[in-house]
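**Student:**
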Amino acid sequence: MLNFSQLYLGIFSLFISFLSFLNIIYCYYFDLFLGIDSFLFIFVVTLFFGSLIFFKKKNLRKTSIFEKILTVITGYLIIPVLLSIPYYLILNNLSLFDAYFESVSGFTSTGFTVFENLKHIDQSLILWRSSTQWIGGLYFLISLILLIDIFDTNLKKSLTNFISFSSSETLKQSLKISFIYFILTILIFIILSLSGVRIFDSFNLSLTLISSGGFLPDNNLSLIIDGKFQQVVLAILMLVSFFSLFLLYNLIFFKKKNTNFLFEDLYLLFYLFFLITIFFIFFNSNNDFSLLFLSICSSISNIGFSLDSPQNLTFIFIILIIIGGSFFSTSSGLRFSKLFLLLKFSLNELVSHAKPKNIYSNKLPFFNIYFETEDFHKYFLSVLIFVVSLSILSLFLTVSGINSETSFKLSILTIMNTVNSPLTDLDNFNFYELGAFSKFSLILFMMIGRVELLSILIILKKFLFKS
5 MLNFSQLYLG IFSLFISFLS FLNIIYCYYF DLFLGIDSFL FIFVVTLFFG
55 SLIFFKKKNL RKTSIFEKIL TVITGYLIIP VLLSIPYYLI LNNLSLFDAY
105 FESVSGFTST GFTVFENLKH IDQSLILWRS STQWIGGLYF LISLILLIDI
155 FDTNLKKSLT NFISFSSSET LKQSLKISFI YFILTILIFI ILSLSGVRIF
205 DSFNLSLTLI SSGGFLPDNN LSLIIDGKFQ QVVLAILMLV SFFSLFLLYN
255 LIFFKKKNTN FLFEDLYLLF YLFFLITIFF IFFNSNNDFS LLFLSICSSI
305 SNIGFSLDSP QNLTFIFIIL IIIGGSFFST SSGLRFSKLF LLLKFSLNEL
355 VSHAKPKNIY SNKLPFFNIY FETEDFHKYF LSVLIFVVSL SILSLFLTVS
405 GINSETSFKL SILTIMNTVN SPLTDLDNFN FYELGAFSKF SLILFMMIGR
455 VELLSILIIL KKFLFKS
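Residue 422 in this note's numbering is what sits at position 418 of the sequence shown, and the numbering runs on without skipping anything.
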């Protein structure tokens, strides 16, 4: 009987073989033969193992939510090993550990890099870096479908109207999500190209933006984006990973008339307009709002890179990074809708003690949706896990010799899977010179940040509270 983990990881092995095949074509077309052997190697290996597993007889046994969580976590551990092979084979001075760090950073869509100067790296490897983000974003989205059972009832309802949780149906819907993900990538590439960004940069940026990643195809964004028009275009395209990818999914595949699945995106739209208004009124002293708009979109989408650092706004951008975007997107963060509902529930609880005779509903404003108390407990636990994770990682980095302020900022970016940049005043931070313990800590918490925090509780409950 085929193990579900084998099938899941086998499918992504085929995705890796497809990406390596694109790199092979690119190398042949532009006569870049330095790394072609490494891409041929990874293509053959992943195609062999992926095909071996994928074409086995599909008699899948019923899989528990615990096994699904372990499958997702296993993927975050094993897939970067495959992705690190081209780094290690092409770059002679790069250690295997640093190659793994770079691949984890790409696969988790974080964007930390051990490379100080991308001018010295072969273009095929730059393309590979961007590809690792793309497949990481897709892996994250499909993992959301896989782990949908652990989320609150109302978030689940936006999908359960058309998703059965049998293995075959989950696979079918995952393929649809993959198709939309691919189409959006192509659209982003076309729009960037039409805006005047050169073709190579447009393609790499499209892989970065759709996955909410942080890798750039050049040393600095200013070498890629030129002029206010391109700044505004880039900022708008960043919002693709801020709003729900499942919004477009619903509009295409959902046939019944029901607008409840729009509630999170409408709240996010109001949230975005509110931020734009506040920044335009109070922080636009230099009359260069295109830079501010780019910084806002980069923060809320957890992408993180920017052209310049607006003065004295680092703390605000860090808060926006922590809040994050839509639950069903490639962005990270605690999620705006969860924090908004948690605040509403907390206020209801406080007021109910002052006026116990009144009845306070947990109904979602403007929508016919009610939230259970258990859902708010999950939201609170997610926030609690974030605080604990942040404290632990900050302690680890401080002990390893990094100053406390930098450790705190870097810990937030790591857990929120957001690249260091002028937004957080960490653009000159050197990851290559970090010690092994610091890099290991960052690797671990980059993965923790990408795995839904609630799933960590389920793992702990399984091992610590056995009946």
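Each residue gets a CB set at the ideal place from its N, CA and C atoms; glycine is no exception.
Quick caveat: nothing in here was measured; it's all calculated off a predicted structure.
Quick one: using the 10 Å Cβ neighbour count with 16 as the cut-off for buried, is Phe233 buried or exposed?
**Tutor:** Answer is exposed; the Cβ neighbour count stays below 16.
**Student:** When the Cα of Ile416 is compared with those of Thr428, Phe332, Ser88 and His381, which residue comes out closest?
**Tutor:** Minimum Cα distance to Ile416 is reached at Thr428.
**Student:** With Asp292 as the anchor, note down where its alpha helix (DSSP H) starts and where it stops.
**Tutor:** Per DSSP, Asp292 belongs to no alpha helix (DSSP H) and is neither H nor E.
**Student:** In the structure shown, what three-state DSSP assignment does Ile416 receive?
**Tutor:** Ile416 falls in the helix class under three-state DSSP.
**Student:** Please return the same chain residues whose Cβ sits closer than 8 Å to the Cβ of Ile280, not counting the five positions on each side in sequence.
**Tutor:** Excluding sequence neighbours, Ile280 sits near Phe297 and Ile300.
**Student:** Could you give the DSSP three-state label for Ile167: helix, strand or coil?
**Tutor:** The predicted position of Ile167 is uncertain, since its pLDDT is 47 and thus under 50; a value taken from the coordinates is nonetheless stated next. Here Ile167 sits in coil by DSSP.
**Student:** What's the C-alpha gap between Phe207 and Thr189?
**Tutor:** For Phe207 and Thr189, the distance between alpha carbons rounds to 9 Å.
**Student:** Nearest chain C C-beta to Thr75 closer than 8 Å, yes or no?
**Tutor:** You won't find chain C in this structure, because it holds only one protein chain.
**Student:** In whole angstroms, give me the CA-to-CA distance for Ser17 and Phe47.
**Tutor:** Going by the C-alpha atoms only, they are around 9 Å apart.
**Student:** Taking all protein chains shown into account, decide if Val118 is buried (16 or more other Cβ within 10 angstroms of its Cβ) or exposed.
**Tutor:** It is buried - the Cβ of Val118 has at least 16 other Cβ atoms within 10 Å.
**Student:** Rounding to the nearest angstrom, what Cα-Cα distance links Ile406 and Glu437 in this structure?
**Tutor:** If you take the alpha carbons of Ile406 and Glu437, they lie about 11 Å apart.
**Student:** Cβ atoms of Leu430 and Lys413: under 8 Å apart, would you say?
**Tutor:** Yes, these two residues count as a Cβ contact at 8 Å.
**Student:** Could you compute how far the alpha carbon of Gly337 sits from the alpha carbon of Met420?
**Tutor:** If I take the Cα positions, the gap works out to 5 Å.
**Student:** With DSSP run on the structure shown, which of helix, strand or coil describes Asn121?
**Tutor:** Reduced to three states, the DSSP call for Asn121 is coil.
**Student:** If you draw a straight line from the alpha carbon of Gly329 to that of Phe116, how long is it in whole angstroms?
**Tutor:** Gly329 and Phe116: Cα-Cα distance of roughly 20 Å.
**Student:** Enumerate, from N- to C-terminal direction, the unbroken alpha helix (DSSP H) stretches of 4 or more residues contained entirely within the region 168–254.
**Tutor:** If we require 4 residues or more, the alpha helix (DSSP H) runs fully inside the region 168–254 come out as 171–198, 203–214 and 232–242.
**Student:** Mapping the DSSP letters down to three states, classify Asp429 as helix, strand or coil.
**Tutor:** Residue state, collapsed to three classes: coil.
**Student:** To which residues of the same chain is Thr418 closer than 8 Å at the C-beta, ignoring the five residues directly before and after it?
**Tutor:** Cβ neighbours of Thr418 beyond the five flanking positions: Thr114, Phe116, Leu397, Leu446, Phe449, Met450 and Gly453.
**Student:** Are there three or more Cβ pairs, one per stretch, closer than 8 Å when the region 191–211 is compared with the region 126–139?
**Tutor:** Touching, per the Cβ criterion.
**Student:** I'd like the span of the alpha helix (DSSP H) that includes Tyr91, first residue to last.
**Tutor:** Segment Ile69 to Ile94, the alpha helix (DSSP H) holding Tyr91.
**Student:** Let me check understanding here. Comparing Cα to Cα, which of Glu353, Ile327, Asp292 and Phe274 lies closest to Leu311?
**Tutor:** Here the closest residue by C-alpha is Asp292.
**Student:** Residues in its own chain within less than 7 Å of Ile192 by CB, not counting five upstream and five downstream?
**Tutor:** Cβ neighbours of Ile192 beyond the five flanking positions: Ser210, Leu213, Ile214, Leu241 and Val244.
**Student:** How is Gly115 classed by DSSP in three states: helix, strand or coil?
**Tutor:** Residue state, collapsed to three classes: coil.
**Student:** Exposed or buried, what is Ser471 when buried is set at 16 or more other beta-carbons lying within 10 Å of its beta-carbon?
**Tutor:** Note that Ser471 has pLDDT 42, beneath the 50 cutoff, so the model's placement of it is unreliable and no number is given.
**Student:** Looking at Phe390: is its Cβ nearer than 8 Å to the Cβ of Leu346?
**Tutor:** Taking 8 Å as the Cβ cut-off, Phe390 and Leu346 do not qualify as a contacting pair.
**Student:** DSSP three-state label for Val455, please.
**Tutor:** Coil, per DSSP.
**Student:** Label Thr78 either buried or exposed according to how many other C-beta atoms from any shown protein chain fall within 10 Å of its C-beta, with 16 as the threshold for buried.
**Tutor:** It is exposed - the Cβ of Thr78 has fewer than 16 other Cβ atoms within 10 Å.
**Student:** Between Arg339 and the rest of its own chain, which residues show a CB-CB distance below 6 Å, the 5 nearest in sequence each way excluded?
**Tutor:** The answer, listed in chain order, is Gly328 and Phe331.
**Student:** Between which two residues does the alpha helix (DSSP H) harbouring Glu437 extend?
**Tutor:** Here Glu437 belongs to no alpha helix (DSSP H), and DSSP marks it neither H nor E.
**Student:** Roughly how many whole angstroms lie between the Cα atoms of Ser199 and Ser305?
**Tutor:** Approximately 21 Å between the Cα atoms of the pair.
**Student:** Return the residue from the list Gln127, Ser107 and Glu106 that minimises the CA-CA distance to Cys36.
**Tutor:** Residue 36 is actually Leu in this sequence, not Cys. Ranking Gln127, Ser107 and Glu106 by Cα distance to Leu36 puts Gln127 first.
**Student:** By Cβ distance, which residues of its chain are closer than 8 Å to Leu225, with the 5 residues on each side in sequence left out?
**Tutor:** Only Phe309, Ser310 and Leu311 meet the Cβ criterion.
**Student:** Give me, in chain order, the residues of the same chain whose beta-carbon lies closer than 6 Å to that of Ser147; leave out the 5 immediate sequence neighbours on both sides.
**Tutor:** Answer for Ser147: Val76, listed in chain order.
**Student:** Beta-carbon within less than 8 Å of Gly141's beta-carbon, same chain only, minus the 5 sequence neighbours each way: which residues are those?
**Tutor:** Within the same chain, Gly141 has close Cβ partners Ser113, Tyr185, Ile214, Ser215, Ser216, Gly217, Ser245 and Thr334.
**Student:** For Leu295, which residues in the same chain have their Cβ closer than 8 Å to its Cβ, ignoring the five residues on either side in sequence?
**Tutor:** Counting only Cβ-Cβ distances below 8 Å, and skipping sequence neighbours, we find Gln235, Ser310, Leu311, Asp312 and Pro314.
**Student:** Judging by CA-CA distance, which residue of Lys342, Ser393 and Ser411 is the nearest neighbour of Glu378?
**Tutor:** Checking every option, the nearest Cα to that of Glu378 belongs to Lys342.
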